[in-house]
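Just below is one structure, and these are the notes that go with it.
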Amino acid sequence: MFIFVALLLPVVALLAGRLLRPQMGHDTKLRPYECGVEPETDARERYSVRYYIIAILFVIFDVETIFLFPWAVIYDKLALFGFIEMLVFLGILIFGYIYVWKKGALEWV
Amino acid sequence: MVPLNYYLILGALLFSVGALGVILKRNLITMFMSVELMLNSANLTFLAFAREWNQVSGQVLVFFVMVVAAAEAAVGLAIVIATYKNRKTVNADETASLRD
Amino acid sequence: MDSFWLIPILPLVGFLANGLVGKRLPKQAVAWIACLVVAASLLLSARAFYALMQVPPEERHVIHPLFTWVESGDFVARFEFLLDPLSAVMMLLVTGVGLLIHVYSVGYMWAGEGFYRYFAYLNLFMSSMLLLVAANNLLLMFVGWEGVGLCSYLLIGYWYFKKSASDAGKKAFVVNRVGDFGFLLGILLAFLTFQTLDFQAIFQQLGPEGEFAAESGKWGTLSWIAFLLFIGATGKSAQVPLYVWLPDAMEGPTPVSALIHAATMVTAGVYMVVRLNPLYSLTPGVSGLVATVGIFTAFYAATIALVQRDIKRILAYSTISQIGYMFAAAGVGGYAASIFHLSTHAYFKALLFLGAGSVMRALQNETDILRMGGLRKYLPVTYWTFLAATVAISGVPLTSGFFSKDEILVRSFSSGHTVIGIVGLATAVLTAFYMFRLFFLTFHGEQRLAPELRRGIHEPPPSMAVPLVLLALLSLFGGYGYGYLEGFLEPVTGEPLPARGEHSEALVLLTAVASGLGILAAYLFYVRNPTWAAAAQQALGGAHRLLWRKYYVDELYDRLFVHPLKRVSDHFLWRGVDERVVDGAVNGTAGLVRDLSGFLRQMQTGYARAYATWILLGTVGILVYYWMGG
Amino acid sequence: MPTDLHYLAILPEIITAATGIAIMLLDPFTAPQHKGRLGWLGVAGLLAAGVAGAAQSGRTMTAFGGMVQLDSYSVFFRWLFFGVSIGTILISLQYLKREGVHHSEFYALVLFATTGMSFMAASVDLILMFIGLETVAISTYVLAGFKRSDPRSNESAVKYFILGAFSTAVLLYGIAFLYGQTGSTRFDRVAEALSAQGPSAFFLVGLALLLVGFGFKVAMAPFHVWTPDVYEGAPSPVTAFLAVGPKAAGFAALVRVLYSALPDMENHWGDVLGLVAVLTMTVGNVAAITQSNIKRLLAYSSVAHAGYLLVGLVARNELGISAVLYYAVVYALMNLGAFTVVVIWSGAGETRVHLSDYAGIGFRYPFLTGCLSLFLLSLIGIPATGGFMGKVFLFAAAVQSHHVGLVVIAVLNSAVSAYYYLRIIVIMYMQEPAAQVPSVEIPVPAAVALVLAALGTLLTGLYPSALLDLASRSVLAVR
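Protein sequences, first through last, are from chains Y, C, R and P. According to this note's numbering, the first sequence is numbered sequentially starting from 645. According to this note's numbering, the second sequence is numbered sequentially starting from 2. According to this note's numbering, the third sequence is numbered sequentially starting from 2. According to this note's numbering, the fourth sequence is numbered sequentially starting from 84.
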């Protein structure tokens with residue numbers, strides 16, 4: 645029963661919207677919204693390789709932080725030992741950061 | 002509560018989709034995403050089992066897998082970028098000059 | 002006699018010295034080093050031999066352990082040498098003949114390039130063979146076994162810039178590997194069965210009190226071991242079906258052929274069978290096979306030798322044939338007779354090759370006997386020594402070959418192997434015929450030399466002539482010690498020879514008649530009426546061609562083994578570097594093969610997706626295997 | 084604070100990892116012409132780690148909540164890995180300069196990979212094993228593509244990465260099933276659960292997927308398909324490292340998993356590995372016969388050798404595992420040696436890797452070709468070399484456990500293999516050289532590596548007892 649309702653609901657909602665909304669499609673309305681400025685090129689263009697490098701670096705540093713969550717949850721139990729361990733962990737991350745920085749990967753050329 | 006089997010079947014389906022993706026897709030990025038799908042299906046299986054056993058160790062493992070996958074993603078993207086620089090394509094079938 | 006362990010080591014030292022610094026040494030020094038180490042080994046062998054004679058027979062068994070080579074759980078192999086009558090005789094023979102060949106080589110190889118390299122290889126060859134002979138367990142024996150194979154490859158392919166030489170070297174190595182495959186399996190099976198590889202320990206288990214005495218007579222594990230080891234012997238000793246490498250082996254320098262054919266390498270298989278005689282005595286099935294293969298090879302190779310024209314090729318086939326005799330003797334239980342023939346054969350075959358080398362040297366490497374003739378007056382020393390060897394191998398009465406061949410025939414008949422004896426007699430006729438054909442065509446008759454070769458024919462220098470003379474003496478008179486040799490070997494070969502049967506006098510006569518017949522026929526055909534030979538060739542056209550092409554065995558092997566292996570590799574797994582070549586090959590093959598290979602070639606298409614598919618298919622394969630309950 | 088954090092147990096790994104980090108940190112502050120110093124720093128770190136490992140030999144302890152086990156087995160493999168990595172760095176020093184990619188990240192990556200391999204051999208927990216494996220994999224993906232601007236190196240990295248990640252996912256999925264069935268990732272607990280429950284479906288699925296994951300790592304057929312392409316395209320020192328280090332590490336972990344965690348399924352994995360061994364040897368050897376690129380040829384040869392190693396595993400007895408350990412060392416020596424010659428001879432841009440490029444150089448470069456011949460003879464399995472003894476042990480072990488058919492095929496295979504190894508020797512010594520034999524200089528560090536490998540190959544052949552003793556003592560920790 646539940647599954648029928650679940651399947652029906654989106655269909656009904658979309659159909660209702662389609663039937664009820666005013667049909668006023670024209671060119672300006674279909675254009676991508678860029679804060680009121682006229683769009684100059686197609687939105688689907690190639691991004692600079694720089695974005696990828698930033699993305700790669702972000703992924704790494706971002707995901708490493710998930711280790712902070714379990715650590716924080718039982719921090720009280722781990723006490724000083726846990727604190728030092730986390731310092732070592734973050735230290736290694738910071739080493740990586742220094743490396744990336746010195747290598748110039750953060751520069752926007 | 003959703004039974005264990007549902008998770009396992011979903012995991013198996015995701016895994017198969019991922020494996021088929023690697024085999025059928027030609028875009029390196031897509032192939033790589035398919036591999037990620039496989040890894041995550043394994044993660045899902047792990048989590049399901051961890052809940053079944055009422056343990057956290059399975060969840061910890063998933064943390065590790067996620068981190069490893071992130072590192073892999075970084076390296077993979079870097080390799081794909083280098084490929085693009087060399088060959089101006091990310092089509093896997095066009096990077097096949099090494100063969101018998 | 003404690004120092005006998007140095008016998009295999011000294012040539013190794015010579016190899017290292019010449020191999021490492023030989024390039025910077027003058028030729029004299031290289032030659033001295035190489036010959037001296039072998040001479041020292043010879044002296045030590047003689048001393049060990051003498052020392053063994055001084056002790057009572059039951060004490061003639063000395064083991065010299067060097068170190069424990071491998072020890073892991075119940076897998077123990079020691080690096081230790083064994084001195085007993087058999088190894089003493091063999092060491093004496095190998096070093097003795099080897100030394101003469103070394104000395105001869107100094108003169109023969111003097112002019113060529115890479116003098117030091119040649120002697121380094123030669124010393125390594127000696128060392129490997131001596132290691133094989135002195136080894137006290139199967140594994141160590143295998144080291145020497147492979148070592149002689151490797152050295153023969155290096156020496157046969159010594160003139161590497163000649164394609165035929167390097168091909169021959171490769172052929173020798175690969176064919177030997179096929180035999181070694183059996184040998185290694187035999188060793189592994191022996192280890193599985195006896196839990197040891199030590200000769201004495203194995204023999205103990207084979208003895209009357211051992212647990213394996215009961216198996217005697219049936220085709221069981223013991224027979225498999227003996228059989229597999231014998232496969233190795235057919236490779237190393239050039240017996241049917243693995244003899245094909247030996248005739249090509251003449252591509253090496255002639256003294257090397259002498260060494261390979263006379264003292265080292267090809268005798269290894271015979272030695273192995275005799276060394277393991279307790280095993281072969283318990284496995285009559287395999288012994289029968291050994292005897293049959295041996296006598297068949299003897300006859301078969303002799304027929305091929307009848308029509309060949311290349312002096313070294315004839316000698317090569319005669320070696321195959323004579324080794325066949327030795328196996329026949331060992332197969333019928335005449336182990337001592339086998340070793341006896343091995344030793345007399347070493348004398349006259351070394352002499353024949355060195356003599357052939359001397360002829361070739363005089364004629365600037367001409368090897369076709371139809372383009373020789375009448376050399377008698379130019380090369381008297383070579384002529385007389387060659388004659389000595391020829392009469393010996395033909396079994397002319399009172400020469401060494403006569404005694405040893407007669408002994409083999411007596412053993413065959415008296416042990417009831419009448420067929421083997423009769424074929425042996427027939428082969429003796431053939432042997433005498435083809436050897437004297439060679440002899441007459443080379444030294445007698447009219448001169449058929451190319452004119453530019455006639456000048457400059459000269460006798461070899463003393464360093465080459467002296468070994469010839471010494472070997473000639475041995476060939477003629479080396480057969481008189483048999484009674485003593487037999488007694489000396491008794492602790493190893495076991496059985497005392499039964500009193501000679503009533504037919505033995507008749508057999509002596511028959512042997513003599515056989516050799517006389519052969520010689521007479523050769524004389525009639527090639528000296529008296531040379532036209533007969535051509536007429537016979539004409540009359541027997543088909544048969545002659547069959548023999549001349551050596552029964553087409555090389556071609557057959559190429560078809561059967563070499564091509565298919567290459568083809569499988571080419572079509573199924575290899576996408577060519579030069580695709581046109583492969584595509585062409587594939588287009589030329591049948592449709593079915595193309596489909597199949599097209600399917601299998603998917604394996605290395607270069608597409609990562611395809612590779613992932615293979616991995617996935619493999620995964621599914623394993624899952625299905627488990628699912629089916631495998 | 085947890086009680087069993089014995090940091091000393093992983094001291095060698097800490098040293099290698101720290102050295103790797105130090106190299107990366109020092110890299111921006113090192114002038115380009117002095118990058119070699121960081122390579123030597125890496126060697127020093129590996130030596131220090133080796134000494135640290137030696138200090139622990141003979142001790143046995145479990146650390147980190149039963150994840151790491153310090154025992155003679157892990158010590159044995161640590162030494163092997165450290166040696167392999169030192170050799171790799173030695174042959175890379177000149178190579179990187181020659182190829183114009185002298186970045187010190189190379190050394191750091193080798194060290195990280197070494198850390199991962201070490202953990203693979205020491206782990207007694209599926210999670211740590213997986214992380215070790217991934218550490219190796221990710222480092223080697225980068226190494227394979229280290230010549231960034233070379234399309235071939237790049238393609239090699241792409242294939243290695245895609246397929247490696249693919250097989251990793253399969254392996255992880257397998258681990259998930261083992262965990263799901265047993266509720267633990269520790270080997271001993273898995274083994275307990277297995278003996279209590281018997282081989283249920285999840286166990287079988289887990290085992291199958293595990294075998295696939297490792298099959299990829301150690302290049303068993305049909306999971307070997309990546310090897311020829313990746314080995315051919317990767318920079319030669321990396322190929323050497325790939326063919327030796329990760330493969331040995333794969334075997335180290337595989338042996339540990341199968342014997343410590345899944346001993347009660349030995350018939351299940353024994354059967355499959357037996358079939359796979361036959362397939363692997365045959366495919367490797369048959370395909371190698373017609374190769375004309377020496378890197379590709381050695382790649383197929385490494386596939387075939389994985390097959391021989393599997394024979395020891397299939398034997399399932401003590402001698403078998405000792406033989407695997409023994410052969411892993413010998414294989415490392417001879418393969419590293421052979422690749423060193425390839426690295427030196429290939430010349431700038433690796434232009435001389437075709438077999439015909441080796442024509443007639445035998446007597447012009449006696450040292451190089453002499454060493455290469457020795458390694459090839461050892462790969463064939465000629466007596467007096469380590470390769471021979473290794474094969475004897477492997478085959479003897481299989482015979483002992485009555486796998487006679489398998490041994491027959493293995494011996495036949497090694498007889499066939501003589502053909503293509505020998506062809507290289509024939510080409511070097513017995514063919515006419517090209518019009519002009521190019522001249523190469525032999526860098527000192529690479530020559531040192533070459534001599535050490537050659538000595539090792541000979542020594543293990545002439546006096547195998549010492550190494551075999553060590554191997555069989557190390558095996559006791561696993562059984």
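Every residue, glycine too, gets a C-beta built ideally from N, C-alpha and C. Remember, predicted model here, so these are calculated numbers, not experimental data.
Contact note: residue 20(C) reaches chain R through 617, using a C-beta cutoff of 7 Å and chain order.
Of all residues in the stretch 524 to 543 of chain R, none is placed with a Cβ closer than 8 Å to any Cβ belonging to chain P. With the rule of 3 Cβ pairs closer than 8 Å, the stretch 177 to 195 of chain P does not count as touching the stretch 241 to 249 of chain P. Boundaries cannot be given for residue 309(R), as no alpha helix (DSSP H) includes it and DSSP labels it neither H nor E. As DSSP reads the structure, residue 83(R) sits in a beta bridge with 64(R). Going by DSSP, residue 467(P) is part of no alpha helix (DSSP H) at all; its letter is neither H nor E.
In the displayed model, residue 69(R) falls within a strand according to three-state DSSP. If only complete runs of 3 or more residues are kept, the stretch 117 to 152 of chain P shows the beta strand (DSSP E) at 144 to 146, in order along the chain. In the structure shown, the three-state DSSP call for residue 76(R) is strand. Closest option to residue 295(R), judged by alpha-carbon separation, among 9(R), 306(R), 442(R), 323(R): 323(R). Distances from the alpha-carbon of residue 464(R) to those of 15(R), 5(R), 32(R) put 32(R) closest.
In terms of Cβ geometry, residue 250(P) and residue 330(P) do not form a close pair [threshold 9 Å]. No residue range can be given for residue 366(R), since it is assigned to no alpha helix (DSSP H) and is classified by DSSP as neither H nor E. In the assembly as shown, residue 96(P) is a buried residue. Its beta-carbon has 16 or more other beta-carbons within 10 Å. As DSSP reads the structure, residue 136(R) sits in a beta bridge with 82(R).
In the three-state DSSP reduction, residue 55(C) falls in the coil class, being neither helix nor strand. It is roughly 27 Å from the alpha-carbon of residue 100(C) to the alpha-carbon of residue 416(P). Using a Cβ distance threshold of 9 Å, residue 435(R) and residue 329(R) do not count as a contacting pair. The DSSP-derived three-state label of residue 447(P) is coil.
Straight through space, the alpha carbons of residue 706(Y) and residue 206(P) are spaced by roughly 28 Å. Residues of the same chain with a CB within less than 7 Å of the CB of residue 6(R), apart from the 5 flanking positions on each side, are 65, 67, 82 in chain order. Listed along chain R, the residues sitting closer than 9 Å to residue 98(C) by beta-carbon distance are 607. Bounds of the alpha helix (DSSP H) holding residue 435(R) are 419 to 444. One thing to note: residue 307(R) has its Cβ within 9 Å of the Cβ of residue 438(R).
Considering only 143(R), 243(R), 154(R), the residue with the shortest C-alpha distance to residue 198(R) is 143(R). CA-to-CA, the gap between residue 300(R) and residue 348(R) works out to about 21 Å.
In the structure shown, the three-state DSSP call for residue 418(P) is helix. DSSP places residue 207(P) outside any alpha helix (DSSP H), giving it a letter other than H or E. Around the C-beta of residue 352(P), 16 or more other C-beta atoms lie within 10 Å, and the residue is accordingly described as buried. The shortest CA-to-CA distance from residue 361(R) to any of 175(R), 272(R), 443(R) is the one to 443(R). Below the 7 Å Cβ cutoff, chain C contributes 24 as neighbours of residue 614(R), in chain order.
Counting C-beta atoms within 10 angstroms of its own C-beta, residue 36(R) has 16 or more neighbours from the protein chains shown and is therefore classed as buried. By the neighbour-count definition (other C-beta atoms within 10 Å, threshold 16), residue 655(Y) is an exposed residue. Nearest neighbour of residue 509(P) by Cα position, chosen from 9(R), 205(R), 156(R), turns out to be 156(R). Contacts with chain Y (Cβ-Cβ distance below 7 Å) from the stretch 104 to 136 of chain P involve 104, 107, 108, 111, listed in chain order.
Listed as beta-bridge partners of residue 437(P) by DSSP are 376(P).
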